[in-house]
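Written below as structure tokens is the structure these notes are about.
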Amino acid sequence: MPELPEVETVRRGLERFVVGRVISAVEVCHPRAIRRHLPGAADFTASLLGRRVVAARRRGKYLWLPLDSGDAVIAHLGMSGQFLVLDPAEPDGPHLRVRFSFSDDGPQLRFIDQRTFGGLALSPGGAELPQEIAHIAPDVLEDAFDDTRFHEALRRRRTGLKRALLDQTLVSGVGNIYADEGLWLAKLHYARATETMRRPESQRLLDGVRAVMQSALTQGGTSFDSLYVNVNGESGYFERSLEVYGRRGEPCSRCGTLIRRESFMNRSSFFCPTCQRRPRNPHW
DNA sequence: CCTCATTCCTGCGGGC
DNA sequence: TGCCCGCAGGAATGAG
11 MPELPEVETV RRGLERFVVG RVISAVEVCH PRAIRRHLPG AADFTASLLG RRVVAARRRG
71 KYLWLPLDSG DAVIAHLGMS GQFLVLDPAE PDGPHLRVRF SFSDDGPQLR FIDQRTFGGL
131 ALSPGGAELP QEIAHIAPDV LEDAFDDTRF HEALRRRRTG LKRALLDQTL VSGVGNIYAD
191 EGLWLAKLHY ARATETMRRP ESQRLLDGVR AVMQSALTQG GTSFDSLYVN VNGESGYFER
251 SLEVYGRRGE PCSRCGTLIR RESFMNRSSF FCPTCQRRPR NPHW
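Just so you know, we're using this note's numbering here: the first sequence kicks off at 11 and counts up by one.
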């Protein structure tokens, strides 16, 4: 599942292999992939033909490619989205959704997405910051992220801590996996009421989320070669470095207590019941 | 305005 | 062996 580190790795790949090139053809193989582009596939394609990609940007889990027209292609990888840079002779896989060809006849950019939660759209005039994603907050690795303001916003919420972490309008880039990992590092329970958070606890949480993301980014950034922009969730981080996610029944590396899994928000939460004490007044 | 459940989708794995 | 069902989850959406 691509979260911030994986998406940043993809952004770097796009910067390296796509920026500067002129789009010569666009093929929408599956209409669902551009469902958020309401004018439809023909409009999407027409807006891109002959345009040069001038940058590759990211906010949270959203990517966008500013074009020389001032528009931008917005991309979200969803659960299983990938961008692959492949020679035109390479056969199409079963989940190819959109294909971009370039005027240099070099490698194509292919958007591939098995579970189709991801998608692309054209943002008119969105080169600087697409208005479609203006509601997405800065992420914890950006200079623009203000720890104090995050803490204050957290205390104004009336919800559980993990729910707040997953709210992209409060902090972006955090998904289920890094939320669980960050909470474990900070020794905080997922159902902790946000309004009771104290400043040092908020700081531990931010530091924890930053630590796991930085670590994943370091590992993920090394795993793509010249024709593979990488990735869905497989940054190599998964198998080696996760402390709680997916580890139900395994001992906590800090205290030995067995990791528990609880169902929460229609998904799983993994935590150490000793290190991450359930609060007296949990917020569901 | 705020919070939260629901919804989209497909491959995989477990149970029978 | 094969079928069915649950599970995985980001974020838009609408209900309350």
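Ideal Cβ positions, reconstructed from N, Cα and C, are used throughout, including at glycine.
CB-CB length for residue i against residue j, believed under 8 angstroms
i	j	result
isoleucine 33	glycine 60	7 angstroms
aspartate 157	glutamine 213	6 angstroms
proline 292	alanine 203	7 angstroms
aspartate 287	serine 278	The amino acid occupying residue 287 in the given sequence is arginine; aspartate does not appear at that position. Not quite, the Cβ-Cβ distance comes to about 19 angstroms (not below 8 angstroms), so this is no contact.
arginine 207	arginine 165	In the sequence as presented, arginine is not what sits at residue 207; that position holds methionine. The Cβ separation is near 6 angstroms, so the contact holds.
leucine 215	leucine 227	Not quite, the Cβ-Cβ distance comes to about 18 angstroms (not below 8 angstroms), so this is no contact.
leucine 77	alanine 137	7 angstroms
Beta-carbon spacing of residue i, residue j below 8 angstroms
i	j	result
histidine 40	arginine 109	no
leucine 119	valine 95	yes
serine 90	glutamine 124	yes
alanine 51	valine 38	yes
aspartate 53	proline 134	no
leucine 195	glycine 170	no
phenylalanine 281	leucine 193	yes
aspartate 149	leucine 268	no
asparagine 168	glutamate 191	Reading the sequence as shown, one finds arginine at residue 168 and not asparagine. Not closer than 8 angstroms, so no.
phenylalanine 155	tyrosine 200	no
arginine 62	leucine 151	no
Residues that DSSP places opposite residue i in a beta bridge
i	result
isoleucine 84	Trp74, Ala131
leucine 96	Gln118
valine 108	Val38, Phe121
proline 261	Leu268
arginine 277	Phe274
glycine 91	Asp123
threonine 212	Threonine is not the amino acid found at residue 212; the sequence shown has serine there. In DSSP, serine 212 forms no bridge with anything.
glycine 192	Glycine 192 pairs with nothing; no bridge assigned.
glycine 170	Ala203
valine 181	DSSP output for valine 181 lists no bridge partner at all.
glycine 62	A quick correction: the sequence has arginine, not glycine, at residue 62. DSSP output for arginine 62 lists Val32 as bridge partner(s).
aspartate 149	Ser182
arginine 287	DSSP, once it has assigned bridges, lists no residue as partnering arginine 287.
Spatially closest choice to residue i from the options, by CA coordinates
i	options	result
leucine 86	Asp53, Pro12, Gly103	A small fix is needed here, since residue 86 is histidine in this sequence, not leucine. Nearest of Asp53, Pro12, Gly103 to histidine 86, Cα basis: Pro12.
isoleucine 132	Leu195, Tyr200, Arg45, Asn186	Residue identity differs from the one stated: residue 132 is leucine in this sequence, not isoleucine. Among Leu195, Tyr200, Arg45, Asn186, the Cα nearest to that of leucine 132 belongs to Arg45.
proline 98	Pro104, Ser90, Asp114	Asp114
asparagine 276	Leu58, Gly103, Lys172	Lys172
leucine 48	Arg22, Glu142, Pro117	Glu142
glycine 116	Glu100, His105, Ile122	Glu100
phenylalanine 127	Arg22, Arg42, Val20, Thr19	Arg42
tryptophan 74	Phe274, Phe155, Gly103, Val20	Val20
glutamine 92	Phe121, Gly23, Tyr200, Ile146	Phe121
alanine 35	Thr55, Pro140, Glu25, Phe27	Thr55
cysteine 285	Cys262, Val184, Asn186	Cys262
valine 17	Tyr200, Gly103, Asp102, Gly185	Gly185
leucine 347	Pro104, Ala66, His161	The displayed coordinates of the chain run from 11 to 294. Any statement about residue 347 would go beyond what the structure contains.
cysteine 265	Pro283, Ser273, Phe274	Pro283
asparagine 182	Glu162, Ala189, Ile146	The sequence shown places serine at residue 182, not asparagine. When only C-alpha atoms are compared, the closest one is Ile146.
Given 8 angstroms as the limit, is there contact between the segment 202-218 and the segment 255-264, that is, 3 or more CB pairs closer than that? In short, these stretches do not touch, since the Cβ pair count stays below three.
Contact between the segment 177-190 and the segment 68-83 (3+ Cβ pairs under 8 angstroms): Segments in contact, yes.
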